[in-house]
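Enquirer: Chains as they are written, first to last, in our numbering: chain U, 599 to 679; chain C, 599 to 679; chain V, 13 to 144; chain X, 13 to 144. Where is the CB? At the ideal position from N, CA and C, for every residue including glycine. Remember, predicted model here, so these are calculated numbers, not experimental data.
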Amino acid sequence: MTVEVTFWSYFADLAGAASGKFDVPVGTSVEELLGSVYRSHPRLSALRNSTLVAVGVEYQGGSYLLQPGDAVSLFPPVQGG
Amino acid sequence: MTVEVTFWSYFADLAGAASGKFDVPVGTSVEELLGSVYRSHPRLSALRNSTLVAVGVEYQGGSYLLQPGDAVSLFPPVQGG
Amino acid sequence: MKQEILITTEAIDGPALAAARASGPGMGAVVHFLGVVRGSEEGASIAAIDYTAFVPMAEAQFRKLLDEAARRWPLESVRVVHRLGVVRVGEPSLWMEVVSPHRAEAFDACRWIIDEMKRVVPIWKRAVPVVP
Amino acid sequence: MKQEILITTEAIDGPALAAARASGPGMGAVVHFLGVVRGSEEGASIAAIDYTAFVPMAEAQFRKLLDEAARRWPLESVRVVHRLGVVRVGEPSLWMEVVSPHRAEAFDACRWIIDEMKRVVPIWKRAVPVVP
Chain U
599 MTVEVTFWSY FADLAGAASG KFDVPVGTSV EELLGSVYRS HPRLSALRNS TLVAVGVEYQ
659 GGSYLLQPGD AVSLFPPVQG G
Chain C
599 MTVEVTFWSY FADLAGAASG KFDVPVGTSV EELLGSVYRS HPRLSALRNS TLVAVGVEYQ
659 GGSYLLQPGD AVSLFPPVQG G
Chain V
13 MKQEILITTE AIDGPALAAA RASGPGMGAV VHFLGVVRGS EEGASIAAID YTAFVPMAEA
73 QFRKLLDEAA RRWPLESVRV VHRLGVVRVG EPSLWMEVVS PHRAEAFDAC RWIIDEMKRV
133 VPIWKRAVPV VP
Chain X
13 MKQEILITTE AIDGPALAAA RASGPGMGAV VHFLGVVRGS EEGASIAAID YTAFVPMAEA
73 QFRKLLDEAA RRWPLESVRV VHRLGVVRVG EPSLWMEVVS PHRAEAFDAC RWIIDEMKRV
133 VPIWKRAVPV VP
């Protein structure tokens with residue numbers, strides 16, 4: 599399946615794109631997907647410890663198993679207010 | 599000297615007056631003045647433990663020594679807000 | 013620190029008061045508190061609360077509190093309005109605004125001023141019962 | 013509990029928002045918080061902050077926070093407005109209102125929502141430097 603990954607805030611600058619598409623098997627974990635993302639966008643991997651991951655509009659950890667239709671977002675710490 | 603004592607809130611109801619005048623020597627303590635007040639207005643004396651005393655616009659304790667021109671206020675716990 | 017204290021029988025218009033705020037360069041956080049008369053007092057329905065005050069002392073005590081707040085926290089401005097007379101259920105009796113560089117001190121100072129006000133500012137209330 | 017969440021590029025008009033508050037019978041305390049853009053960020057002068065957000069997620073996360081606040085405290089209503097885009101120094105980026113029977117829960121809930129917002133609501137800022 600194809601998973602669309604959106605990069606928010608300065609992650610888009612570091613990735614050189616606002617989003618990317620990744621082909622992964624159904625049931626791939628978020629952690630495995632991040633491995634593919636970091637191979638394509640190595641500048642993002644330096645920030646992996648402060649990276650937040652959402653699937654749809656909910657936060658998810660690395661063990662979440664991706665399903666068809668899932669949209670993934672990667673972003674730095676939030677700064678609202 | 600004559601000291602004017604003002605009774606605020608329901609202390610005026612208990613005293614039956616908004617204020618009273620008391621003749622005391624210069625240098626009389628607030629505590630001694632209260633003794634005179636309670637003799638004139640015995641219904642106030644039951645509330646002596648929750649009575650607040652001000653001289654002018656400042657709180658004072660029983661040991662404050664009254665001077666000519668001092669205006670004394672007696673009132674129950676405050677309830678603003 | 014700028015400070016304004018108003019003890020008045022006029023109705024409190026919170027939005028108009030907020031709109032009249034001067035903006036300052038160090039302003040990062042504004043906290044407003046509005047105390048509103050509730051429909052019951054100690055379990056009984058009421059129509060209003062009638063507030064009275066020893067006004068010169070209330071003003072003096074508020075000034076001392078605001079001076080002390082300015083010593084404790086880095087505040088830009090504090091404004092306080094307390095209404096006197098009959099304040100009907102649903103209407104505000106107290107309005108306060110604290111402006112500071114950051115939110116923690118604005119919240120802390122606002123709560124502290126209200127708590128201290130309820131201890132030292134000579135204002136009293138009398139419930140006005142509902143007339144059937 | 014009533015709740016309203018608005019994430020918008022429109023300027024925040026705090027007094028107009030406050031004036032639009034519906035009054036409720038259990039309302040005893042209203043706390044407003046206004047977060048204002050300050051003139052410096054990490055020591056450097058700035059002209060503005062440009063806010064961006066992942067809007068659907070920001071709305072969903074705000075909803076979860078307000079639902080959780082309603083479980084923790086007896087609140088009447090919470091309204092939150094966060095501005096996006098370029099917000100100049102001195103202008104508000106965040107407006108919040110918490111209404112409750114008593115002041116303690118209004119202050120506690122307001123602070124908690126802001127603290128949690130800064131942890132989970134996907135909004136980011138970028139300083140806009142002063143152009144000489």
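#1: Does X:His44 get closer than 9 Å to chain V when you measure Cβ to Cβ?
#2: Short of 6 Å in beta carbon distance, which residues of its chain neighbour X:Val24, apart from the five on each side in sequence? Order them along the chain.
#3: Does the beta-carbon of U:Ser607 have 16 or more other beta-carbons within 10 angstroms, so that it is buried, or is it exposed?
#4: Between the alpha carbons of X:Val142 and V:Gly36, how many angstroms are there, rounded?
#5: When you compare the CB of X:Arg84 with every CB in chain U, is at least one pair closer than 9 Å?
#6: Taking only beta-carbon atoms, is X:Pro141 less than 9 Å away from chain V?
#7: Answer yes or no: do V:Ile19 and V:Arg91 have a C-beta to C-beta separation smaller than 9 Å?
#8: For chain V, is any of its Cβ atoms less than 9 Å away from the one on C:Glu602?
#9: Could you round the C-beta distance between V:Ser112 and V:Leu77 to whole angstroms and report it? I think they count as a contact, below 8 Å.
#10: Any Cβ of chain B within less than 9 Å of the Cβ of C:Val655?
#11: In chain X, which residues lie less than 8 Å from U:Gln677 when you measure between Cβ atoms?
#12: Strictly by DSSP, which residues pair up with C:Thr600?
#13: Taking only three categories from DSSP, how would you classify X:Met13?
#14: Determine the burial state of U:Val624: buried for a count of at least 16 other Cβ atoms within 10 Å of its Cβ, exposed for fewer.
#15: So V:Ser52 contacts chain C; which residues on that side make the cut at Cβ distance below 8 Å?
#16: Check this for me: beta carbons of V:Val132 and C:Val676, under 9 Å apart or not?
#17: Looking only at its own chain, which residues have a Cβ that is under 7 Å from the Cβ of V:Gly227, when we skip the five neighbours before and after it?
#18: What first and last residue would you give for the alpha helix (DSSP H) that runs through X:Asp62?
#19: Count the other CB atoms, across all protein chains shown, that sit within 10 Å of the CB of U:Leu642; report buried if there are 16 or more and exposed otherwise.
#20: Does DSSP put C:Leu631 in a helix, a strand or coil?
#21: Name the chain X residues whose beta carbon is nearer than 8 Å to that of U:Phe673?
#22: Residues of chain U with CB under 9 Å from X:Ser105, in chain order?
#23: Specify whether the segment 54–70 of chain X and the segment 42–60 of chain V touch according to this definition: at least 3 beta carbon pairs, one from each stretch, less than 8 Å apart.
#24: Can you list, in chain order, the residues of its chain whose CB lies under 7 Å from that of C:Ser648, leaving out five sequence neighbours each side?
#25: Excluding the 5 residues flanking X:Met129 on each side, which residues of the same chain have their C-beta closer than 6 Å to its C-beta?
Expert: In brief:
#1: Counted from its first residue, the fourth sequence places residue 44 of chain X at position 32. Yes, X:His44 lies at the interface with chain V (some Cβ there is under 9 Å from its Cβ).
#2: In the fourth sequence, counting from the first residue as 1, residue 24 of chain X sits at position 12. For the sequence presented, residue 24 of chain X should be read as Ile rather than Val. Val93, Arg95, Pro104, Trp107.
#3: Taking the first sequence and counting its residues from 1, the one referred to as residue 607 of chain U is at position 9. Looking at its Cβ environment, which holds 16 or more other Cβ atoms inside 10 Å, U:Ser607 is buried.
#4: The sequence position of residue 142 of chain X within the fourth sequence is 130, counting from 1. The sequence position of residue 36 of chain V within the third sequence is 24, counting from 1. Spanning the two alpha carbons is a distance of roughly 18 Å.
#5: The residue given as residue 84 of chain X occupies position 72 in the fourth sequence. Not one chain U Cβ lies under 9 Å of X:Arg84.
#6: Residue mapping note: residue 141 of chain X aligns to position 129 of the fourth sequence, counting from 1. It does not: the Cβ of X:Pro141 has no partner Cβ on chain V nearer than 9 Å.
#7: Translated into the one-based positions of the third sequence, residue 19 of chain V becomes position 7. Translated into the one-based positions of the third sequence, residue 91 of chain V becomes position 79. No, they are not a contact pair.
#8: Sequence index remark: in the second sequence, residue 602 of chain C carries index 4 (1-based). Not closer than 9 Å to any Cβ of chain V, the Cβ of C:Glu602 fails to qualify, so no.
#9: Here residue 112 of chain V refers to the residue found at position 100 of the third sequence. Here residue 77 of chain V refers to the residue found at position 65 of the third sequence. Their Cβ separation, rounded to whole angstroms, is 16 Å, which puts V:Ser112 and V:Leu77 out of contact at 8 Å.
#10: Note that chain B does not occur in the displayed structure, where the protein chains are U, C, V and X.
#11: As a first step, residue 677 of chain U is located in the first sequence; it is residue number 79 there, counting from the start. Residues of chain X passing the Cβ test: Lys130, Ile135, Trp136, Lys137.
#12: In the second sequence, residue 600 of chain C corresponds to position 2, counting from 1. Beta-bridge pairing links C:Thr600 to C:Asp621.
#13: For this step, residue 13 of chain X is matched to residue 1 along the fourth sequence. Residue state, collapsed to three classes: coil.
#14: If you number the first sequence from 1, residue 624 of chain U lands on position 26. It counts as exposed.
#15: Working through the third sequence from its first residue, we reach residue 52 of chain V at position 40. None at all; the shortest Cβ gap to chain C is about 16 Å.
#16: Locating residue 132 of chain V in the third sequence gives position 120, where the first residue counts as 1. Locating residue 676 of chain C in the second sequence gives position 78, where the first residue counts as 1. A contact, by the Cβ cut-off of 9 Å.
#17: Chain V is shown from 13 up to 144; residue 227 of chain V falls before or after that span and cannot be answered.
#18: In the fourth sequence, the residue the question calls residue 62 of chain X occupies position 50. From DSSP, X:Asp62 is part of no alpha helix (DSSP H) but of the beta strand (DSSP E) over 56–65.
#19: What you label residue 642 of chain U is simply residue 44 of the first sequence in a count that begins at 1. Flag for U:Leu642 reads buried.
#20: Here the question's residue 631 of chain C lines up with position 33 in the second sequence. Helix at C:Leu631.
#21: The sequence position of residue 673 of chain U within the first sequence is 75, counting from 1. Going along chain X in sequence order, the residues near U:Phe673 (Cβ under 8 Å) are Phe66, Pro134, Trp136.
#22: Within the fourth sequence, the letter at position 93 stands for residue 105 of chain X. In chain order: Gly678, Gly679.
#23: no
#24: As a first step, residue 648 of chain C is located in the second sequence; it is residue number 50 there, counting from the start. Counting only Cβ-Cβ distances below 7 Å, and skipping sequence neighbours, we find Pro674, Pro675.
#25: As a working note, residue 129 of chain X is residue 117 in the fourth sequence. Counting only Cβ-Cβ distances below 6 Å, and skipping sequence neighbours, we find nothing.
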